[in-house]
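Data first, discussion second: the structure below is written as structure tokens.
In this note's numbering, the protein residues as written are 312 to 626.
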């Protein structure tokens, strides 16, 4: 199932495997950090036992995270590390024994354990029923917005695709361009009716890209770009790799300076029509144009798009 993937022995993914928001072991199972700290106390207390467990754990972590699919599919945290827990229980027990020698360290350790246990239960709930955990898609902005919350605004899901989410009051709004595709006289057949008027843009397996809505733009024109459009689908696409993307691209000449996108199907159910938008802050690098377009991400499900608007605004 992993096709051509293999091991990167010279560049193992240890940092990502341990600390990544995507599936980092210590990010989603922080209590095992005590097991790693326990190697210090085990070295002082039981040196022969230390060397056996430490070398095993070091080799295990190296091999596990040398694998190019270091997140091991759609798991919550690092399922690859579970097989090492029997050995890691030894340094963990050593740390527990050390923490129990003084009352203040015992209480502090207990408080951390209770918090970590609650966090793990919360993650488990979100992975199975709560819906906030997004397997294989987690990142820092989204993680920080949803951690230990039981619900989040729908727009927060945009952070799974972009690191920008404007939530303040928009000022000095200027409409740059609007496209309703009524002048599109192509005979392209679409299984879905137009959203409004006689024509709408239609994407499917054969027509993957929309023609971009291009607008001349300079840093003096504002601070943010907002692209809006109305979308309609026939059937929901569940594979996030094939979800239609709504893209904003800043360009300087022929060079792409910055690009941000959201996956439209995150917000659409089968047969639903919905207006969506994406905000992107002006880049620091020079640019002279902004392009707004859609890509069907090599998917085959039809998607209808209409009433594309491009605006600039300030904070």
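Even glycine gets a Cβ: it sits at the ideal position worked out from N, Cα and C.
To which residues does DSSP link residue i through a beta bridge?
{"i": "residue 457", "result": "For residue 457, which the question treats as bridged, DSSP gives no partner whatsoever."}
{"i": "residue 513", "result": "615"}
{"i": "residue 318", "result": "378"}
{"i": "residue 624", "result": "535"}
{"i": "residue 490", "result": "619"}
{"i": "residue 429", "result": "According to DSSP, which records beta bridges pairwise, residue 429 is partnered with nothing at all."}
{"i": "residue 527", "result": "600"}
{"i": "residue 469", "result": "DSSP output for residue 469 lists no bridge partner at all."}
{"i": "residue 339", "result": "None; residue 339 has no bridge partner."}
{"i": "residue 520", "result": "606"}
Relative to the C-alpha of residue i, which candidate in the options has its C-alpha closest?
{"i": "residue 592", "options": "579, 610, 626", "result": "626"}
{"i": "residue 286", "options": "451, 504, 332, 490", "result": "Residue numbering for the chain in the displayed model covers 312 to 626; residue 286 lies beyond these limits and cannot be assessed."}
{"i": "residue 355", "options": "460, 369, 409", "result": "409"}
{"i": "residue 620", "options": "540, 572, 366", "result": "540"}
{"i": "residue 441", "options": "364, 552, 460", "result": "460"}
{"i": "residue 604", "options": "580, 594, 579, 570", "result": "570"}
{"i": "residue 449", "options": "551, 609, 624, 597", "result": "551"}
{"i": "residue 534", "options": "522, 595, 581, 564", "result": "595"}
{"i": "residue 566", "options": "395, 602, 411", "result": "602"}
{"i": "residue 485", "options": "431, 624, 517", "result": "624"}
{"i": "residue 433", "options": "416, 452, 520, 457", "result": "457"}
{"i": "residue 508", "options": "490, 524, 359, 369", "result": "490"}
{"i": "residue 588", "options": "516, 369, 473", "result": "473"}
{"i": "residue 342", "options": "412, 315, 428, 358", "result": "428"}
{"i": "residue 378", "options": "318, 558, 325", "result": "318"}
{"i": "residue 363", "options": "337, 395, 338, 339", "result": "395"}
{"i": "residue 344", "options": "549, 407, 512", "result": "407"}
{"i": "residue 581", "options": "549, 339, 514", "result": "549"}
Going straight from the alpha carbon of residue i to that of residue j, what length do you get?
{"i": "residue 482", "j": "residue 322", "result": "47 Å"}
{"i": "residue 426", "j": "residue 398", "result": "24 Å"}
{"i": "residue 392", "j": "residue 329", "result": "10 Å"}
{"i": "residue 501", "j": "residue 612", "result": "11 Å"}
{"i": "residue 574", "j": "residue 543", "result": "13 Å"}
{"i": "residue 327", "j": "residue 335", "result": "6 Å"}
{"i": "residue 545", "j": "residue 585", "result": "12 Å"}
{"i": "residue 419", "j": "residue 352", "result": "17 Å"}
{"i": "residue 599", "j": "residue 487", "result": "14 Å"}
{"i": "residue 610", "j": "residue 332", "result": "27 Å"}
{"i": "residue 401", "j": "residue 547", "result": "48 Å"}
{"i": "residue 373", "j": "residue 439", "result": "30 Å"}
{"i": "residue 564", "j": "residue 597", "result": "10 Å"}
{"i": "residue 464", "j": "residue 478", "result": "11 Å"}
{"i": "residue 435", "j": "residue 381", "result": "21 Å"}
{"i": "residue 359", "j": "residue 415", "result": "29 Å"}
How should residue i be labelled, buried or exposed, when 16 other C-beta atoms within 10 angstroms of its C-beta is the threshold for buried?
{"i": "residue 494", "result": "exposed"}
{"i": "residue 384", "result": "exposed"}
{"i": "residue 437", "result": "buried"}
{"i": "residue 529", "result": "exposed"}
{"i": "residue 572", "result": "buried"}
{"i": "residue 349", "result": "buried"}
{"i": "residue 389", "result": "buried"}
{"i": "residue 405", "result": "buried"}
{"i": "residue 453", "result": "buried"}
{"i": "residue 370", "result": "exposed"}
{"i": "residue 366", "result": "exposed"}
{"i": "residue 480", "result": "exposed"}
{"i": "residue 522", "result": "exposed"}
TODO: Please go through the segment 536-620 and give each complete beta strand (DSSP E) segment of 3 or more residues, from N-terminal end onward.
DONE: Entirely contained in the segment 536-620, the beta strand (DSSP E) runs reaching 3 residues are, in chain order, 556-563, 566-574, 584-592, 600-606.
Task: Uninterrupted alpha helix (DSSP H) stretches inside the segment 344-415 (no shorter than 4 residues) - done: 344-356, 358-377, 396-410
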